[in-house]
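Peer 1:
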Amino acid sequence: MSGSAANARIVAGNWKMHMGPSRARAFVEAFRHPEGREQVEVLLFPPAVSLATLVDGLRGRGVQARLGVQNIHPEREGAFTGEISAEMAREAGARFILVGHSERRQIFGESPDDTARKIAAAFRAGLTPLLCVGETLVERQAGRLEEVLGRHLDAALSPRGIRDRIHDGERFLVAYEPVWAIGTGETATPADASGAHAFIRSRLESLLGDGASGIPILYGGSVKPANAAELLNAQGVDGVLVGGASLDPVSFAKIIDGAP
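All you need for our numbering is the position in the sequence shown, starting with 1, plus 571.
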């Protein structure tokens with residue numbers, strides 16, 4: 572492991588805008604947690620409309636998976652049509668929240684300040700933030716990996732209140748999301764993942780001191796059954812954030828089975 576205090580690997584699935592309630596129900600009915608992998612922490616981030624279906628379905632089948640949402644508004648409530656608050660997400664059964672995902676930054680124009688406000692809102696409501704950081708292909712080709720990752724981490728963790736929460740023991744996760752290796756034809760190697768994770772770990776230590784030791788760092792670049800085991804065994808990789816392969820219960824189970 573990377574030096575985080577956690578011993579178990581984490582396998583998280585981001586369903587994005589897929590899997591409405593009927594497909595979520597079918598997923599739960601078909602999913603089988605691999606034997607001998609009970610130590611792997613499984614997280615699922617469905618669309619908000621499927622959250623209740625998963626809460627009921629997972630409870631009924633005894634599946635050990637924890638749930639999160641893909642987005643929140645930083646305010647508790649108000650005239651924000653189409654939004655949900657962290658408090659609403661928790662009441663509905665979520666315990667985690669994705670923040671800073673590249674699609675939120677690139678498609679919806681979310682700023683570093685937006686990300687920090689959502690992290691603060693998550694802590695306020697008792698949700699665990701999973702912060703995504705990563706560079707584009709253009710940024711990588713320009714040799715700007717450390718600059719970009721550092722900027723993302725600095726902005727997210729700059730508010731004193733957020734750092735205090737982490738120092739006080741509230742859980743916080745980071746995922747390295749190499750945007751350059753998602754849908755571009757480029758492939759990230761375990762060495763690529765380890766190098767980026769080492770920088771993230773170092774930056775977290777400079778920002779948080781001892782508070783960084785318990786933060787798991789996940790890898791989130793086109794993880795599939797064919798490469799999951801190699802990535803999960805790479806130096807500094809505490810888990811994986813899975814996209815498309817998490818939509819299929821068999822593929823997702825194979826990824827979990829690849830965890831050491």
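Glycine residues also receive a C-beta, built at the ideal position from the N, C-alpha and C atoms.
(1) Taking the DSSP output, what are the residues bridged to R637?
(2) By DSSP's criteria, N585 is part of a beta bridge. Which residues make up the other side?
(3) Below 8 angstroms on the Cβ atoms is my contact criterion, and I expect H723 with V704 to pass it. Report the Cβ-Cβ distance as a whole number of Å.
(4) Terminal residues of the continuous beta strand (DSSP E) containing A746?
(5) By DSSP, does I733 sit in helix, in strand, or in coil?
(6) Look up F667 in the DSSP assignment and give the residues it is bridged to.
(7) Please identify the residue among G766, R688, R666, A746 whose C-alpha is closest to the C-alpha of E717.
(8) Out of curiosity, what's the CA-to-CA distance linking S777 and V719?
(9) Is DSSP giving H644 helix, strand or coil here?
(10) Measure the C-alpha to C-alpha separation of I690 and S822 and round it to an integer number of angstroms.
(11) Residue range of the beta strand (DSSP E) that V813 falls in?
(12) From F770 to G721, what distance separates their C-alpha atoms?
Peer 2: Reading it off the structure:
(1) L614
(2) F616
(3) 4 angstroms
(4) 744-747
(5) helix
(6) G639, T699
(7) G766
(8) 16 angstroms
(9) strand
(10) 30 angstroms
(11) 810-813
(12) 8 angstroms
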